[in-house]
Amino acid sequence: MAVNQSEFNWIVVEGTGEGEHGPRRFAVLVWISRTGRRTRARARPSVLSPADLPSPLARLVPPWLPILSPFALESDDRPLFMAVLYDLDHPDRRPRAVEVEIEHENFDAASFSAMTAGGDLQIHQLEVGDETARSFTIAIKARSDDFDVELYLVPEKDVLAFGERGAPRLRQGPVETAYVQRPRLAARGRIELAMDDRRSGRRERIERFTGDACQDRQWLTVTATQVKWIWVQLRLDDGREIMGYVMRDSGPGRWASPNDGRLLGCGGWLVEQDGGLRPLPRFDVSSVEKYETRTDRGTCPTRFAVSVPELDLHVTLEHTIAAPFVRMKAFGPMLDAGIWEGPAHIVDASRALAGHCWVEVMNAATAQLAAR
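Counting from 1 along the sequence shown, just add 26 to a position and that's the residue number in this note's numbering.
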């Protein structure tokens, strides 16, 4: 029985542009999520039907039985659009984020193109040309009080599927996902961001921003609530990409090390320069426990030890912005929840490596009831 069924279009970008006083480094996260119905309880008497209840409870109640409740349930099934800007030259600055609902008529489920009602957040997948010379570009626009980003992404490698025999379906413990990826895209665009003193009204402009990106499309079914994982991707300067994850049971709680908990699954992949895909079944990533930090949400890793025995490779990564928590409405309005995710840099490696890295840390035990 599914606890959560979701669909995501997830893009991360990292690069450098020309600022007013020299080069400036930034990363951008953009994602659109469809999570089904998100329900909020309001304190007023109402009559509910079993269909209004969460699926485990609804199965226990006859479908014809009305339910008198002191609470009214309000639901929202609109897709969500999120954009996050990371200022990598100022790691003391927290990620700047905006997240809004998308009206159904402004969302194309086939391409996951979308636009918010006011046009402040947009993502479009553009194909131009004929059958013999067709080009593909992802255009992104994200505007908020804190920043204004315009990016154009062009794939440098074909779409890949990570399941057995090239199928997109993966299963690990209570999680089943159909997972496809564009492992590398060339990025260009511009960025504006508000200065720390917003009262001045000044904004810093970054022109000629260039870098690289990764795009994931994921269809996710979760059948248990106690899940946590560490997921990493390295886009190396030599033209290869390494991706992998470790998933555990989150039963030990929010204060336990990310390395604690029953192992539910792990795996990794190498994408060669020519786009060839090689599974890395012995891939491992763990938190370097001496660098873990306690936050108001629980224990958060800041350094990560990546081991790839198939490549005789060991890498230590560190989040460039420590404990980069991003709250997400996708977990529902009744929960104050999110994910620690953001760009990372290589601290040490068993051989010379350079490139852009990303680390995502999720622990279901860190979710809290939202403030009323």
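The beta carbon of each residue, even a glycine, is placed where N, CA and C say it ideally should be.
Please read these numbers as outputs of a predicted model, since none were measured by experiment.
#1: For the segment 169-184 against the segment 282-295, are there 3 or more C-beta pairs whose distance is under 8 Å?
#2: Taking the runs of the beta strand (DSSP E) that are 3 residues or longer, which of them lie wholly in the segment 226-311?
#3: Would you identify the three-state DSSP class for residue 402, choosing helix, strand or coil?
#4: DSSP state of residue 47, grouped into three classes?
#5: Would you mind working out which of 282, 262 and 332 sits nearest residue 272, comparing C-alpha positions?
#6: So, helix, strand or coil for residue 392, using DSSP?
#7: My output table needs one value for residue 131: the three-state DSSP class, helix, strand or coil.
#8: Please determine, among 287, 230, 383 and 148, the residue with the shortest C-alpha to C-alpha distance to residue 259.
#9: Please name the residue, chosen from 57, 165, 187 and 254, that lies closest to residue 216 on a Cα-to-Cα basis.
#10: Alpha carbon to alpha carbon, how far is residue 322 from residue 398? Give it in angstroms, no decimals.
#11: Count the other C-beta atoms from every protein chain shown that fall within 10 angstroms of the C-beta of residue 281, then say buried if there are 16 or more, exposed otherwise.
#12: Helix, strand or coil for residue 356? Go by DSSP, reduced to three states.
#13: Write down every uninterrupted run of the beta strand (DSSP E) in the segment 102-149 whose length is 3 residues or greater and which is fully enclosed by it, in chain order.
#14: Between the segment 252-271 and the segment 228-237, are three or more C-beta pairs nearer than 8 Å?
#15: Taking the DSSP output, what are the residues bridged to residue 328?
#16: First and last residue of the beta strand (DSSP E) that includes residue 365?
#17: Residue 142: buried (16+ other C-beta within 10 angstroms of its C-beta) or exposed?
#18: Can you list, in chain order, the residues of its chain with a C-beta nearer than 7 Å to that of residue 182? Leave out the 5 residues immediately preceding and following it.
#19: For residue 387 and residue 352, what's the separation of their Cα atoms in angstroms?
#20: Rounded to whole angstroms, what's the CA-CA distance from residue 45 to residue 326? Just pull it up for me.
#21: Tell me which residues share the same chain as residue 33 and place their Cβ nearer than 6 Å to its Cβ, disregarding the 5 neighbours each side in the sequence.
#22: Do the CB positions of residue 328 and residue 340 come within less than 7 Å of each other?
#23: With DSSP as the reference, label residue 33 as helix, strand or coil.
#24: Nearest chain C C-beta to residue 88 closer than 7 Å, yes or no?
#25: For residue 316, which of helix, strand or coil comes out of DSSP?
#26: Do residue 335 and residue 40 have their CB atoms nearer than 7 Å?
#27: Where does residue 209 fall in DSSP's three states?
#28: Here's a check: name, in chain order, each residue in its chain whose Cβ is nearer than 7 Å to the Cβ of residue 324, leaving out the five neighbours to either side.
From the atom records:
#1: The segment 169-184 vs the segment 282-295: no contact.
#2: Those beta strand (DSSP E) runs which fall completely within the segment 226-311 and span 3+ residues are 229-248, 254-262, 267-274, 289-297 and 303-305.
#3: Residue numbering for the chain in the displayed model covers 27 to 398; residue 402 lies beyond these limits and cannot be assessed.
#4: Correct three-state label for residue 47: coil.
#5: Distance check between residue 272 and each of 282, 262 and 332 places 332 closest, using alpha-carbon atoms only.
#6: Note: residue 392 maps to helix in three-state DSSP.
#7: Three-state DSSP puts residue 131 in a helix.
#8: Out of 287, 230, 383 and 148, 383 has the C-alpha closest to the C-alpha of residue 259.
#9: If we check each option's Cα against that of residue 216, 165 comes out closest.
#10: Legend: pLDDT at residue 398 = 49, less than 50; position of this residue unreliable, no value from coordinates given.
#11: Classification of residue 281: exposed, given that the 10 Å Cβ count is below 16.
#12: Here residue 356 carries a helix assignment [DSSP, helix/strand/coil].
#13: Counting whole runs of 3 or more residues, the segment 102-149 contains the beta strand (DSSP E) stretches 106-113, 122-127 and 139-141.
#14: No: the two stretches stay apart, fewer than three of their Cβ pairs being nearer than 8 Å.
#15: Bridge partners of residue 328: none, in fact.
#16: For residue 365, the enclosing beta strand (DSSP E) stretches over residues 364-375.
#17: Buried.
#18: Hits under 7 Å: 210, 211 and 212.
#19: Cα atoms of residue 387 and residue 352: separation of roughly 11 Å, rounded to the nearest angstrom.
#20: One C-alpha to the other measures close to 32 Å.
#21: Within the same chain, 60 and 245 come within 6 Å of residue 33 by CB-CB distance, once the 5 residues on both sides are set aside.
#22: No.
#23: Three-state DSSP puts residue 33 in a strand.
#24: Of the chains in the structure shown, none is chain C; there is only one protein chain.
#25: Of the three classes helix, strand and coil, the one that applies to residue 316 here is helix, per DSSP.
#26: Going by C-beta atoms, residue 335 is not nearer than 7 Å to residue 40.
#27: Reduced to three states, the DSSP call for residue 209 is strand.
#28: Here the set comprises 280, 281, 389, 391 and 392.
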